[in-house]
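For reference, the structure is listed below as structure tokens.
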Amino acid sequence: MTLEDQLNQTFLSLYQRSADKIYQAPGRVNIIGEHTDYNDGFVLPAAIDYCNMIAASARDDRVIELTAVNMGLSTSRFHLDEEITADPDASWSNYIRGVVIELKQRGYQLCGANLVITGNVPTGAGLSSSAALEMVTVSCLCDLSGETIDGVQAALVGQAAENNFVGTQCGIMDQLISALGVSERALLIDCRSLETKTYKLPENTSLVIINSAVKRGLVDSEYNVRRQQCEQVARQLNVKALRDVSLTQLESHKDQIDPVAYKRALHVVTENDRTVQAAQAMEAGDMKLLSTLMAQSHISMRDDFEITVPAIDTLVDIIAEVVGQNGGVRMTGGGFGGCVIALVPEALQQQVIEAVTEQYPAKTGLTPEIFICKASQGAFANQA
Ligand code: GLA
């Protein structure tokens, strides 16, 4: 059964009528540019063909009623004109609650709605299932209420919902790519100006995502610590964000910076350069350079930003051994587990799958999950 069929069936059995419309927003994978977004830097992600979906119809009263198909039909409801608080029995609904609060604060006039939600973005894998949920919610509620919003504003609403209500200090990358992704393309996002430019992904190359199955344990606390360390160095160097620091500048202040914070900043400053170069390498069809940049990015995350884990390093090594410089591989996302992204020439795809399924469990005791993805349209991309 497709996700749409599942939604239609559930909607019909809950409300004895069909939904007015179905909305969707994709998850994402970041090709390069990790932990650069909240430093006002550059990222190069793509939206993937795994998404979260909502079947919706408007209601005459001011109530929003939510049902999550994937959570055993867990339900949650709130009134638009009363204070919206977290639902401890349905924490998944907090993303939607947070989005509604932010939309209301910005003056969007929302109507009541019945929303039935499902999706196939793996959760807890670092593929931005929560950003997909936020973006599909913005798209759905604005459309049902006759409000218009563009992709950048939608992304800012989603990020604010996470920062202010859910309590995650994330940057803008996940929401922006879920909103504005373009099929077959990666998006170079300037996280300061929020300008985007699309780059065609390499020809005859698959986007292979492998979930390491490492539980992303410390991710929130470690994420916030990294963010503080970066901000500390920016303050010390008297700039708004690490985006404004060159490698030479950073190196010349090395003695004055705490050694750990220095390593964090070194990752961000070099990663920013790598990300811009990677976009140019894509444009020039230079897979060798792209491959080198992805490898350097992984090493920098491993040794300087210290956000990889041994199982992920092993997974990257297994894939790098097969693809060499004909493809690229690195950990993707916030870190401490989650997924690896590999750009794999179609001719080597089978070999990569075999190497991962044979060697990874033997070396780590973990069972990987492999997703062959296509870069896809974001929830607001068709407006552009
Ligand atoms: C998470 C955050 C993003 C970004 C990445 C790291 O996915 O939500 O904003 O900071 O980590 O690149």
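Numbering (full-length UniProt numbering), first residue to last: 1 to 384.
All C-beta atoms in this analysis are idealised placements derived from N, C-alpha and C, irrespective of residue type, glycine included.
Here the structure is a predicted model, which means the values were calculated and not measured.
Option nearest residue i by Cα separation, candidates the options
i: P122; options: F165, L201, I210, S76; result: I210
i: V152; options: M173, G72, L144, Y262; result: M173
i: L141; options: Q159, L115, A132, G124; result: L115
i: S76; options: A278, R243, I117, A342; result: I117
i: G158; options: L237, E4, K104; result: K104
i: D61; options: P88, A113, V43; result: A113
i: L242; options: R227, G167, G378; result: R227
i: Q325; options: T205, Q232, V225, D273; result: T205
i: R97; options: A160, H35, I149, T198; result: A160
i: L293; options: Q256, A47, G124, I31; result: I31
Segment limits, beta strand (DSSP E) that includes residue i
i: H79; result: 74 to 79
i: Y108; result: Per DSSP, Y108 belongs to no beta strand (DSSP E) and is neither H nor E.
i: Q24; result: 21 to 32
i: I210; result: 205 to 211
i: K197; result: 196 to 200
i: S129; result: Here S129 belongs to no beta strand (DSSP E); instead the alpha helix (DSSP H) covers 129 to 144.
i: D190; result: 185 to 190
i: D49; result: 42 to 59
The ligand GLA heavy atom lying under 8 angstroms from the CB of residue i
i: I172; result: yes
i: V136; result: no
i: T168; result: yes
i: S128; result: yes
i: T36; result: yes
i: residue 386; result: Absent from the model: residue 386. The displayed extent of the chain is 1 to 384, so no value can be given.
i: V43; result: yes
i: A90; result: no
i: A155; result: no
i: Y223; result: yes
i: residue 386; result: Residue 386 falls outside the range modelled here, since the chain spans only 1 to 384, and no answer is possible.
i: A131; result: yes
i: G378; result: no
i: G98; result: no
i: G335; result: yes
i: G33; result: yes
Same chain only: Cβ atoms within 6 angstroms of residue i, ignoring 5 sequence neighbours per side
i: Y23; result: I54, V136, S139, C140
i: V214; result: V309, A311, G337
i: K200; result: R185
i: E17; result: Rather than Glu, the amino acid found at residue 17 in this sequence is Arg. Counting only Cβ-Cβ distances below 6 angstroms, and skipping sequence neighbours, we find nothing.
i: residue 443; result: The structure shown has nothing for residue 443, since the chain only spans 1 to 384.
Element boundaries [alpha helix (DSSP H), containing residue i]
i: M287; result: 287 to 303
i: T367; result: First-last for T367: undefined, no H or E at that position.
i: N224; result: 219 to 236
Cβ shell of residue i (< 8 angstroms), same chain only, five flanking positions each side left out
i: T196; result: L176, L180, L187, L188, I189, D190
i: V356; result: I210, L315, I318, I319, P368, I370
i: D20; result: A56, S57, A58, L144
i: R192; result: D40, G41, A241, R243
Three-state secondary structure assigned by DSSP to residue i
i: T36; result: coil
i: F165; result: helix
i: D89; result: coil
i: T67; result: strand
i: L343; result: strand
i: residue 387; result: Residue 387 lies beyond the stretch modelled for the chain, which goes from 1 to 384, so this question has no answer here.
i: V245; result: coil
i: G335; result: coil
i: T314; result: helix
Close Cβ partners of residue i (< 7 angstroms) along its chain, the five nearest in sequence each way excluded
i: V352; result: V208, I319, V322, V323, A342, V344
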